[in-house]
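Student: Structure provided below as structure tokens; questions to follow.
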Ligand SMILES: Nc1ncnc2c1ncn2[C@@H]1O[C@H](COP(=O)(O)OP(=O)(O)OP(=O)(O)O)[C@@H](O)[C@H]1O
Ligand SMILES: [Mg+2]
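In my numbering, the protein residues as written are 818 to 1136.
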């Protein structure tokens, strides 16, 4: 299968998104990786770092539709999935589809809704169907969830259970802009080139039709990974289960996520083959949200990020 088109579209998508989003290059890259591998992403960042703008921009760039759900303590599963409503004129029930029936879904502050409501979303993510009154309905082919977690107000929140975090391919961490980027944002805000305005006025054009995304995703399988590198990758995941400091290591979903992530990163770099760097770079975002430290190590101040670096140093890179 030919990967030229895939690489071209990825490059165009990145540059179109860059017309709106200032900096955040690795964030745009990781979001594209989740989309082009048919996965979902957790997005973390303090208020105002452009989490919403990022997803809206990518939807425009890839010709996909977009919806946002604000999770709150009183949000019900049906508020996400939809309900059957009796139609008096037609004398029958008809389905009013909920906001989950979209391509790019921003699930904002997912940890503010109780478990039952979270599961409605998670079923959709995993099975790509939604069950309403015992009937299943398929979700759109490009269904991709970007879920944010409120990192500040832990009071009264329902943190995602570990088993459910595993369903997210990767975690995207959005940092606050550095000074130079913030200056650009400040300057542009004073002109007609403010990020929101650029998006609203249609200066950003879709680089493909949403229907073509599926075929491009398939061509990702043509990105090759040498056997030694597959072994290297598997050893990284397996090492998480042997670390003294880790209570729960990564499961096999992490192996699959890392394979997909490494390949997509290769394609984003314009290559048809995976390098050890692709694997190393994708390891932290794929693993960070899946690993749990033993409390005694956490108390000592060790972080999951540090353990991941230790693992990467332990395992010899194949030549
Ligand atoms: N890197 C950036 N590039 C372009 N615009 C930015 C950037 N960072 C912040 N902004 C601007 O900051 C504002 C806030 O963005 P947005 O609403 O997307 O943030 P958010 O992370 O979703 O916030 P919240 O957590 O409150 O929902 C927007 O007007 C956006 O234009
Ligand atoms: Mg927002």
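Cβ atoms here follow ideal geometry from the backbone N, Cα and C, with glycine treated the same way.
Taking just the CA atoms, how far does residue 949 sit from residue 1126?
Tutor: The straight-line gap from Cα to Cα measures roughly 44 Å.
Student: Taking the alpha-carbon positions, what's the residue 946 to residue 940 distance?
Tutor: In a straight line, the C-alpha of residue 946 is about 7 Å away from that of residue 940.
Student: Please report the straight-line C-alpha distance between residue 980 and residue 1004, rounded to a whole angstrom.
Tutor: Distance between the alpha carbons of residue 980 and residue 1004: 44 Å.
Student: Among 975, 1116, 1100, which has the Cα closest to the Cα of residue 1129?
Tutor: Nearest of 975, 1116, 1100 to residue 1129, Cα basis: 1100.
Student: Can you name the residues that DSSP bridges to residue 988?
Tutor: Per DSSP, 859.
Student: If I follow the unbroken alpha helix (DSSP H) through residue 1078, where does it start and stop?
Tutor: Run containing residue 1078: 1069-1085, per the alpha helix (DSSP H) assignment.
Student: Assign residue 965 to buried or exposed, taking buried as 16 or more other Cβ atoms, counted over all protein chains shown, within 10 Å of its Cβ.
Tutor: When all chains shown are included, residue 965 counts as buried.
Student: Quick one: grab the DSSP three-state call for residue 943.
Tutor: Three-state result, residue 943: helix.
Student: Does the pairing of the segment 853-868 with the segment 1064-1081 give three or more beta-carbon distances under 8 Å?
Tutor: The answer is yes - the segment 1064-1081 touches the segment 853-868, with three or more Cβ pairs under 8 Å.
Student: Comparing C-alpha positions only, which one of 1027, 938, 1133 sits nearest to residue 1056?
Tutor: Residue 1056 has its Cα closest to that of 1133, out of 1027, 938, 1133.
Student: Taking 7 Å as the cut-off, is the C-beta of residue 1073 nearer than that to any heavy atom in ligand 1?
Tutor: The answer is no for residue 1073.
Student: Measuring only the C-alpha atoms, how far is residue 1121 from residue 1000?
Tutor: Cα to Cα, the separation comes out at about 33 Å.
Student: Buried or exposed: residue 927, going by 16 or more other Cβ atoms within 10 Å of its Cβ?
Tutor: Buried: at least 16 other Cβ atoms inside 10 Å.
Student: Going by DSSP, name the residue or residues bridged to residue 955.
Tutor: DSSP lists 946 as partners of residue 955.
Student: Going by the DSSP bridge assignment, what does residue 899 pair with across the sheet?
Tutor: Residue 899 pairs with 914.
Student: Please look up how many angstroms separate the CB atoms of residue 1036 and residue 822, rounded, as I've assumed it's under 8 Å.
Tutor: Confirmed, about 7 Å.
Student: Which two residues bound the contiguous beta strand (DSSP E) that contains residue 885?
Tutor: 883-887 is the extent of the beta strand (DSSP E) around residue 885.
Student: Around the C-beta of residue 1041, are 16 or more other C-beta atoms found within 10 angstroms, so that it is buried, or is it exposed?
Tutor: Exposed: under 16 other Cβ atoms inside 10 Å.
Student: What's the C-alpha gap between residue 1105 and residue 849?
Tutor: One C-alpha to the other measures close to 19 Å.
Student: I'd like to check one pair, residue 839 with residue 944: are the Cβ atoms closer than 8 Å?
Tutor: No, Cβ-Cβ distance for residue 944 and residue 839 is not below 8 Å.
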